[in-house]
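Each remark here refers to the structure printed beneath this line.
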Amino acid sequence: MKLKTRSSSFVFFTLVRHQIAKIFEYRDLCNQYVARIRKTFPALSERLGERSKSISRRIRVASWAETVRNKVAFHFDTAYAAEALNNLTPDHELKFIVGDMRGVTAFDFADRVLTAAMFVEAGKGDYETGRDIVKKWTLELQSEIAAFHAQTIQEIFQQYGLMRKPEELELRDRYCASPSESSIPIATSGNSAAENELHD
Numbered sequence: 005m006k007l008k009t010r011s012s013s014f015v016f017f018t019l020v021r022h023q024i025a026k027i028f029e030y031r032d033l034c035n036q037y038v039a040r041i042r043k044t045f046p047a048l049s050e051r052l053g054e055r056s057k058s059i060s061r062r063i064r065v066a067s068w069a070e071t072v073r074n075k076v077a078f079h080f081d082t083a084y085a086a087e088a089l090n091n092l093t094p095d096h097e098l099k100f101i102v103g104d105m106r107g108v109t110a111f112d113f114a115d116r117v118l119t120a121a122m123f124v125e126a127g128k129g130d131y132e133t134g135r136d137i138v139k140k141w142t143l144e145l146q147s148e149i150a151a152f153h154a155q156t157i158q159e160i161f162q163q164y165g166l167m168r169k170p171e172e173l174e175l176r177d178r179y180c181a182s183p184s185e186s187s188i189p190i191a192t193s194g195n196s197a198a199e200n201e202l203h204d
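The structure is reproduced here in structure tokens:
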């Protein structure tokens, strides 16, 4: 095996693994919250439970994400890491970044070995297929969870009367620009709107 010192994207792989672990952890946290508000807001709890089923189902079936969470990101399984290292081909380059102190020496190959193991498990033996699965799963679930949170927070605020429902307003010609004349209303009531328009 060759040893090389070279800067690389090891930080990226570390962040991705922790993001995946957080998404996997989200299933339990969400289920706990839904159960906690069941007595306080039963109708809201039921709606959240129904909407979160899709997220929970996708997380549950991703066994590779559970491996990342339990053996790499939140906990470190040395036997798992050793097995991943042993699966490398003899000519695989072991790249690392040398720092002034031992604590700032980054072993890029270690991050890549664990990432490769994640891709292989996700793709059931196929590295490239697994890489696509991991990317799609992570991006889609992150977006889906963000949208779920936004809707949930809005409903919780409404339960406490902290958010009013949006009101539809009708815009009339006197308050809007036209192709021949651009105007900005300073006031929207009485005659002051017409008297205080700014014209180009």
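Quick note on my numbering: the sequence shown kicks off at 5 and runs consecutively.
Quick reminder that beta carbons are idealized off the backbone N, C-alpha and C, glycines included.
Shortest Cα-Cα distance from F161 to any of C34, F45, S67 involves F45.
Note that the stretch 143 to 158 touches the stretch 55 to 64; at least 3 beta-carbon pairs, one per stretch, sit closer than 8 Å. Take the alpha-carbon of R73 and the one of L33: they are about 14 Å apart.
Judged by their CB atoms, R21 and R64 are not nearer to each other than the 9 Å cut-off. The straight-line gap separating the alpha-carbon atoms of M122 and K139 is approximately 11 Å. DSSP places R64 within a helical segment (H, G or I) once states are collapsed to three. Here the alpha carbons of E159 and L166 stand approximately 10 Å from one another. Assigned with DSSP and collapsed to three states, H79 falls in coil, not helix or strand. When secondary structure is reduced to three states using DSSP, K128 falls in the coil class, being assigned neither helix nor strand. Look at K43 here: in three-state DSSP terms it is coil, with no helix or strand label. Of the candidates D95, L118, K43, Q23, the residue whose Cα lies closest to the Cα of D81 is L118.
One Cα belongs to L19, the other to A69, and the distance between them is close to 14 Å. Remark: C-beta atoms of Q163 and L48 approach each other more closely than 9 Å. When the Cα atoms are used, I137 and K26 turn out to be separated by approximately 17 Å. With contacts defined by Cβ atoms closer than 9 Å, F78 and E125 do not form a contacting pair.
A direct Cα-Cα distance of roughly 48 Å separates T71 from E171.
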